[in-house]
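Taking it in order: structure first as structure tokens, then the write-up.
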């Protein structure tokens, strides 16, 4: 029987050919197609699960009757050029391995060439005709888990990466020497470089390398959420761990307690600071790498302020003295906001000094220093020294204790403008937190000039944005009545199939005026302070998110995820 070589069959055509080949009865095929229609899923898996056919019978059918050739991926030459066309996330989502391109045809290896819907989605996404070939499920999954490693090199290869402050240590025992040699091998170095460079290219803030019972999982934190990117052999855990310990100056022999290290890396023309920590788990040491890339500092316009809040924000940060506090959970963009504020007010006639942990961006014209606990340089000790440096504006990375809080407040009262951050859920919660740290109400009322609480929401990917219907239950959770249209991202190669790309801030900004100062002195509750601020134009974080939903910038799920009521 002659097939339509290089063309895609409908499920009905495939069913008819299977019946003609004697693999199935008409009734069996009808049952399988009805199951596929009602429940979705893979037609081949449905046939196997119901016991109508075996895996080998389906493979033989592909080869003999549909003329879909079988290839061994272990022996196949895979062109690295196609990996620039097809993002790994797309290939993993649809379970296929891109092999080669000829003009407008992309050859892909699949263990399920019956999945015509996936093939059609792939065609629409990459704008090429698809020629499927058959490969074993284990081979396809293995290569996808390895992340395009066959005949492929990272866009930033080993020669493109330089570690500036490599850690050095002596190794004594035979086992340590053996591990160090293994970690210095080209394959391990390339593997580590690829993990790091891909993370930087994908805008990841953190890399998680986690040993499992039988594998090594690699995850990236992108736009605030973790995404699994590779599943490696467990055998790579020890050499990868050792390599990372070596470059960051850790003790490769110590595996029982957590360690911290750091290293600066030059990736092409970019400088990347890496803060590395290990944690001993039941399957070995887990590694987390925080990536601090020297990006361009955002402007106030980039942050996402409304026009009213932007003007209020500028009025606060240009005051001659006082404390301005930015609050929110870890990873909510507090430091980014303070950098934008410093950039706006930075000038030749001001002496601006910061103490940070760590320095996330180097800023021209600002005297930046980094906490060094081992050397005795804490936020509090640095602040005392800064006050002897004739500062106009001081930035303190975070208020963590009573001593730091006390110096910050008294610095503001004596004529300095101080920016800092606190971990509280609301803007007014910063007042309660300072009181908990032992600061008197009259000092808080005198010193504070502004409070900002913020969250980050992911933006809908502009490449795959589509209108959707929203369940009434979600609108109830949101606590408001909204009218359609609503939007979501379908998922595409530009957003790694997440439907989101980039983030934007939600802000709750309170400018401290005489009425709010009186409330602070009177010991008013957070709720009462927020109500007074709302009467003066403050928008709550949830409402800021609702405005973005109305504008089609983000989704209801995102706003619900990052806000509390």
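Numbering (the numbering used here), first residue to last: 8 to 572.
Positions of the beta carbon are idealized from the N, C-alpha and C atoms, including for glycine.
What you are looking at is a predicted structure, and each value in this text was computed from that prediction instead of being measured.
Three Cβ pairs or more, each shorter than 8 Å: is that satisfied between the segment 334–344 and the segment 385–392?
no
Identify every residue that forms a DSSP beta bridge with residue 329.
The count along the chain shown starts at 1 and reaches residue 329 at position 322. Beta-bridge analysis with DSSP links residue 329 to 424.
Would you kindly report the start and end of the unbroken beta strand (DSSP E) that includes residue 106?
Working through the chain shown from its first residue, we reach residue 106 at position 99. Note, residue 106: beta strand (DSSP E), 103–109.
Go ahead and label residue 319 buried or exposed: buried means 16 or more other beta carbons lie within 10 angstroms of its beta carbon, across all protein chains shown.
On the chain shown, position 312 is the one that residue 319 refers to. Buried.
Mind listing, in chain order, the continuous alpha helix (DSSP H) runs of no fewer than 4 residues lying wholly within the segment 210–253?
none
Inter-residue Cα distance where the pair is residue 148 and residue 78
Reading the chain shown from its first residue, position 141 is the one you call residue 148. Reading the chain shown from its first residue, position 71 is the one you call residue 78. Their Cα atoms are separated by approximately 15 Å.
Relative to the C-alpha of residue 563, which candidate in 255, 490, 518 and 502 has its C-alpha closest?
Along the chain shown, read from residue 1 onward, the residue named residue 563 stands at position 556. When only C-alpha atoms are compared, the closest one is 490.
Just the C-alpha distance for residue 174 and residue 487, rounded to the nearest angstrom, thanks.
Taking the chain shown and counting its residues from 1, the one referred to as residue 174 is at position 167. Taking the chain shown and counting its residues from 1, the one referred to as residue 487 is at position 480. Below a pLDDT of 50, predicted positions are generally treated as unreliable, and residue 174, at 48, falls in that range; the measurement from the model is reported next regardless. Taking the straight line from one Cα to the other gives about 55 Å.
Could you tell me whether the segment 91–105 touches the segment 54–66, using the rule of 3 or more Cβ pairs below 8 Å?
no
Given a cut-off of 9 Å, decide if residue 493 and residue 464 are closer than it, judged by their beta-carbon atoms.
As a working mapping, residue 464 is identified with position 457 in the chain shown. As a working mapping, residue 493 is identified with position 486 in the chain shown. In this structure, residue 464 lies away from residue 493, with their beta-carbon atoms at least 9 Å apart.
Inter-stretch contact at 8 Å, needing at least 3 Cβ pairs: the segment 515–532 / the segment 423–430
no
When DSSP labels each residue in this structure, what does residue 438 get in the three-state scheme?
For the purposes of this step, residue 438 is taken as residue 431 along the chain shown, with counting starting at 1. Reduced to three states, the DSSP call for residue 438 is helix.
Terminal residues of the beta strand (DSSP E) in which residue 280 lies
The residue you call residue 280 lines up with position 273 of the chain shown. 277–288 is the span of the beta strand (DSSP E), which, as asked, contains residue 280.
Does residue 115 come out as helix, strand or coil in the three-state DSSP assignment?
Numbered from its first residue, the chain shown carries residue 115 at position 108. Reduced to three states, the DSSP call for residue 115 is strand.
Here's the rule: buried if 16 or more other CB atoms are within 10 angstroms of the residue's CB, otherwise exposed. What is residue 252?
Numbered from its first residue, the chain shown carries residue 252 at position 245. Counting of Cβ neighbours within 10 angstroms places residue 252 among the buried residues, the total reaching 16 or more.
Are residue 216 and residue 223 touching if we call contact CB-CB under 9 Å?
Looking up residue 216 in the chain shown gives position 209. Looking up residue 223 in the chain shown gives position 216. Yes, they are a contact pair.
Would you say the segment 263–276 touches the segment 308–318, given that touching needs at least three Cβ pairs under 8 Å?
no
Mind checking which residues open and close the alpha helix (DSSP H) that includes residue 193?
Here residue 193 refers to the residue found at position 186 of the chain shown. Run containing residue 193: 193–208, per the alpha helix (DSSP H) assignment.
Tell me whether the segment 284–300 and the segment 256–270 touch, counting them as touching only if at least three CB pairs, one residue from each stretch, are closer than 8 Å.
yes
With DSSP as the reference, please indicate the residues paired to residue 298 in a beta bridge.
Reading the chain shown from its first residue, position 291 is the one you call residue 298. The partner list for residue 298 (beta bridge, DSSP) reads 281.
For residue 19, which residues in the same chain have their Cβ closer than 6 Å to its Cβ, ignoring the five residues on either side in sequence?
Working through the chain shown from its first residue, we reach residue 19 at position 12. Nothing listed; no residue qualifies.
Identify whether residue 27 lies in helix, strand or coil by the three-state DSSP scheme.
Residue mapping note: residue 27 aligns to position 20 of the chain shown, counting from 1. DSSP places residue 27 in helix when its eight states are reduced to three.
On the CB-based measure, 16 or more other CB atoms within 10 Å of its CB, does residue 233 come out buried or exposed?
What you label residue 233 is simply residue 226 of the chain shown in a count that begins at 1. Per the 10 Å Cβ criterion, exposed.
Is the CB-CB distance between residue 353 and residue 397 below 9 Å?
One-based indexing of the chain shown puts residue 353 at position 346. One-based indexing of the chain shown puts residue 397 at position 390. Between residue 353 and residue 397, the C-beta gap is not smaller than 9 Å, which leaves the two residues out of contact.
Bridge partners of residue 139, per DSSP?
Taking the first residue of the chain shown as position 1, residue 139 is located at position 132. DSSP output for residue 139 lists 115 as bridge partner(s).
Taking one C-beta from the segment 362–374 and one from the segment 322–338 each time, how about it: are there three or more such pairs within less than 8 Å?
no
Whole-angstrom Cβ separation of residue 227 and residue 206, contact assumed at under 8 Å?
Taking the chain shown and counting its residues from 1, the one referred to as residue 227 is at position 220. Taking the chain shown and counting its residues from 1, the one referred to as residue 206 is at position 199. Yes, they are in contact, since the Cβ atoms of residue 227 and residue 206 sit about 5 Å apart, within 8 Å.
How many whole angstroms separate the CB atoms of residue 198 and residue 243, which I take to be in contact at a CB cut-off of 8 Å?
On the chain shown, residue 198 is found 191 positions in, with the first residue counted as 1. On the chain shown, residue 243 is found 236 positions in, with the first residue counted as 1. Residue 198 to residue 243, Cβ: 7 Å. Contact.
In whole angstroms, what is the alpha-carbon distance linking residue 164 and residue 236?
Reading the chain shown from its first residue, position 157 is the one you call residue 164. Reading the chain shown from its first residue, position 229 is the one you call residue 236. Only weak support is given to the placement of residue 164: the predicted model assigns it a pLDDT of 44, under 50, and the value that follows is read from those uncertain coordinates. Looking at the backbone, the Cα of residue 164 and that of residue 236 are separated by about 18 Å.
8 Å contact criterion, which residue 28 and residue 80 should meet: CB distance rounded:
Translated into positions along the chain shown, residue 28 becomes position 21. Translated into positions along the chain shown, residue 80 becomes position 73. Their Cβ separation, rounded to whole angstroms, is 26 Å, which puts residue 28 and residue 80 out of contact at 8 Å.
In or out: residue 177 buried (at least 16 other Cβ within 10 Å) or exposed?
Within the chain shown, residue 177 is the residue found at index 170, counting from 1. Model confidence at residue 177 stands at a pLDDT of 48, short of 50, so the residue's coordinates are unreliable; what they give is reported in the following sentence. With fewer than 16 other beta carbons inside 10 angstroms of its own, residue 177 counts as exposed.
Closest to residue 284 by CA distance: which of 546, 504, 305 and 257 is it?
As a working mapping, residue 284 is identified with position 277 in the chain shown. The shortest Cα separation from residue 284 among 546, 504, 305 and 257 belongs to 257.
Rounded to a whole number of angstroms, what is the C-alpha to C-alpha distance between residue 459 and residue 305?
The residue given as residue 459 occupies position 452 in the chain shown. The residue given as residue 305 occupies position 298 in the chain shown. Rounded to the nearest angstrom, the two C-alpha atoms are 17 Å apart.
Our contact map puts residue 51 next to residue 119 with C-beta atoms below 8 Å; I'd like the distance itself, whole angstroms only.
Here residue 51 refers to the residue found at position 44 of the chain shown. Here residue 119 refers to the residue found at position 112 of the chain shown. The Cβ separation is near 5 Å, so the contact holds.
Is the separation between the beta-carbon of residue 435 and that of residue 360 shorter than 9 Å?
Position 428 of the chain shown holds residue 435. Position 353 of the chain shown holds residue 360. Cβ distance not < 9 Å, so residue 435 and residue 360 don't count as in contact.
Taking the alpha carbon of residue 559 as the reference point, which residue from 496, 443 and 567 has its own alpha carbon closest?
Working through the chain shown from its first residue, we reach residue 559 at position 552. A check of alpha carbon separations from residue 559 across 496, 443 and 567 identifies 496 as the nearest.
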